[in-house]
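Colleague: Residues in the sequence shown are numbered consecutively from 85, following the working numbering.
Every residue gets a Cβ at the ideal spot worked out from N, C-alpha and C, and that includes glycine.
These figures come from a predicted structure and were not determined experimentally.
Have a look at the structure that comes next, please.
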Amino acid sequence: MTNTNPKITPNHIAIILDGNRRWAKERGLPTFFGHKKGMENAKKVVLYAQKAGVKVITMYAFSTENWSRSEKEINYLMKLFENYLDKYIDDYHKRGIKFRHIGSLKELPASLQKKLKSAIELTKNNQGIVANLALNYGGRDEIKRAVQKLVDDGVEAKDITLDLIGNNLDTAGLPDPDFIIRTSGEQRTSGFLIWQGAYSELYFPKVHWPDFNEKEFDKAIAEFNKRQRRFGK
């Protein structure tokens, strides 16, 4: 049975940005060019999501497992993330977008940490779409860090509740994702928003991330509208 309510827009869409390297390989281009195109596409999708009425968008750009890639690729990606912030954050601010980072900061280069903190501070009072960038993020790591916070705060085991754990996650204060998308056809979530995505609808389009354009976004929303969400009922 499909959802009969017309044009329901998810409040929170989370996307695993997959396929940059495959996109480049299929075109005979260097891997790094695929990452660059993917990062450029991230801004386009954020702006289109805001236009569509999405309240929160979370993009998974670098996982805690991605440190196993070559040093050359990792260094390129870290610089790319810095360039992304340098190039786009002022425009985000002008458009009322609230930027947030999820994941562990401490392993990231100091210069990137500084730019992330600056972007968060600059946009913290904005009332538009919340744009989460997941860098050095892993769902298990996030839950571990939340539990460590509770222990450090002296919370007793008997007082730990689901809400208390949720309030200590990186996404505290935000709604759980209604819709999780992974581009490029792989059908797994790879540790993305393990806690928050318990009842998210999942969608795995074959299109690589650099080609996930407005048309593909609309197709995704159309697919979401076919789903009937039961939440265990």
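For R314, which of E155, D262, E307, S195 has the nearest alpha-carbon?
Modeller: D262
Colleague: Which residue comes first and which comes last in the alpha helix (DSSP H) that contains I173?
Modeller: 155-178
Colleague: May I ask you to report which of helix, strand or coil DSSP gives A98?
Modeller: Annotated three-state conformation of A98 is strand, per DSSP.
Colleague: What are the start and end residues of each continuous alpha helix (DSSP H) run of 4 or more residues lying completely inside the region 184-255, in chain order?
Modeller: 194-207, 223-236, 246-250
Colleague: Taking the alpha-carbon positions, what's the Q134 to E240 distance?
Modeller: 41 Å
Colleague: Would the C-beta of E191 count as close to the ligand COA, meaning under 7 Å from any of its heavy atoms?
Modeller: Within the structure as shown, the ligand COA is missing, as the structure has no ligands at all.
Colleague: Assuming G223 contacts I278 (C-beta within less than 8 Å), just tell me the rounded distance between them.
Modeller: 3 Å
Colleague: Could you name the residues of the same chain whose beta carbon sits closer than 6 Å to that of K127, not counting the 5 residues immediately before and after it, in chain order?
Modeller: Its chain contains Y172 as the residues whose beta carbon lies nearer than 6 Å to that of K127, once the 5 sequence neighbours on both sides are disregarded; these appear in chain order.
Colleague: Could you check if Q48 is buried or exposed, using at least 16 other CB atoms within 10 Å of its CB as the buried criterion?
Modeller: As shown, the chain starts at 85 and ends at 317. That puts residue 48 outside it, with no answer to give.
Colleague: Roughly how many angstroms separate the alpha carbons of E300 and V291, rounded to a whole number?
Modeller: 8 Å
Colleague: Could you round the C-beta distance between D175 and W293 to whole angstroms and report it? I think they count as a contact, below 8 Å.
Modeller: Contact doesn't hold; Cβ gap of about 21 Å is too wide.
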